[in-house]
Amino acid sequence: MTDLKSPKSDGLAELAVIGSCLLGMEHAQRAREVVGPDDFFADRNRVIFRAVCDLLDACVDPDMVNLATRLRDQRVLDDVGGVDFLDKCVKSVAYAANVGDYARSVRMCALDREINHKSLVLATDNSPDNLNVLADLVY
0 MTDLKSPKSD GLAELAVIGS CLLGMEHAQR AREVVGPDDF FADRNRVIFR AVCDLLDACV
60 DPDMVNLATR LRDQRVLDDV GGVDFLDKCV KSVAYAANVG DYARSVRMCA LDREINHKSL
120 VLATDNSPDN LNVLADLVY
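If you count by numbering that gives the first Met the number 0, then the sequence shown holds residues 0 to 138, one letter each, in order.
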């Protein structure tokens, strides 16, 4: 057994969270209440959201200019797709006020991946403690 199932992700919700953050500090703050950078499946989305959090920590609005500047200062703007990708994120947002819903989708996918990973560890590690935990989960 090498994998229990494919990792779950919601790429559109990840884009919408980032795009919503770019549309207003209140949306970024709301997203941050629900998700953290490590909840994002795509590496570049994780890097971008970490920069959003850095800006929020500095009480700076993570708008397009500020976020692009932050990413450029970190020398990762081109690695994450540049301003074009940030613009794509903004265009993916149906309604920024729904950022909580988008963020919950990202968080639920992250929890699913975490459960999948822990299940795989339990299923492949035959130590008595892990077998007991696995038995309790199954029965």
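Think of the CB as a built atom: it goes at the ideal place given N, C-alpha and C, for glycine as much as any other residue. Predicted model, so just to flag it, every value in this text is computed and none were measured.
Neighbourhood of residue i by C-beta distance below 7 Å, restricted to the same chain and skipping five residues each side
| i | result |
| --- | --- |
| Leu-11 | Ser-91 |
| Val-46 | Val-75, Val-79 |
| Pro-127 | none |
Beta-carbon proximity check, residue i vs residue j, cutoff 8 Å
| i | j | result |
| --- | --- | --- |
| Ala-67 | Val-82 | yes |
| Arg-43 | Gly-80 | yes |
| Val-105 | Glu-32 | no |
| Asp-38 | Ala-122 | no |
| Leu-145 | Ala-27 | The requested residue 145 is not part of the displayed model; the chain covers only 0 to 138. |
| Ala-57 | Leu-70 | no |
Neighbourhood of residue i by C-beta distance below 6 Å, restricted to the same chain and skipping five residues each side
| i | result |
| --- | --- |
| Ala-30 | Val-16, Cys-20, Val-98, Ala-102 |
| Tyr-48 | Residue identity check: residue 48 is Phe in the sequence provided, not Tyr. Result list for Phe-48: Pro-36, Phe-39, in chain order. |
| Asp-2 | Low confidence applies here, because Asp-2 scores a pLDDT of 47, under 50, leaving its location unreliable; read the following figure in that light. Closer than 6 Å at Cβ, skipping near neighbours: no residue. |
C-alpha distance - residue i paired with residue j, whole-angstrom precision
| i | j | result |
| --- | --- | --- |
| Ser-118 | Val-64 | 42 Å |
| Phe-84 | Asp-77 | 9 Å |
| Asp-9 | Cys-52 | 20 Å |
| His-116 | Asn-125 | 15 Å |
| Asp-60 | Met-107 | 26 Å |
| Asp-100 | Gly-18 | 13 Å |
| Pro-6 | Val-34 | 18 Å |
| Gln-73 | Asp-62 | 16 Å |
| Ile-114 | Val-120 | 10 Å |
Element boundaries [alpha helix (DSSP H), containing residue i]
| i | result |
| --- | --- |
| Val-100 | As written in the sequence, residue 100 is Asp, which differs from the Val given in the question. Segment 98–123, the alpha helix (DSSP H) holding Asp-100. |
| Gln-28 | 24–33 |
| Arg-71 | 63–72 |
| Gly-18 | 10–21 |
| Leu-76 | Per DSSP, Leu-76 belongs to no alpha helix (DSSP H) and is neither H nor E. |
Chain-order list of residues whose beta-carbon lies under 8 Å from that of residue i (same chain, five-residue window excluded)
| i | result |
| --- | --- |
| Ala-41 | Ser-8, Gly-10, Glu-13 |
- Answer yes if the segment 6–26 comes into contact with the segment 89–107, meaning at least three C-beta pairs across the two stretches below 8 Å, and no otherwise. Here the segment 89–107 lies against the segment 6–26, with 3 or more beta-carbon pairs under 8 Å apart.
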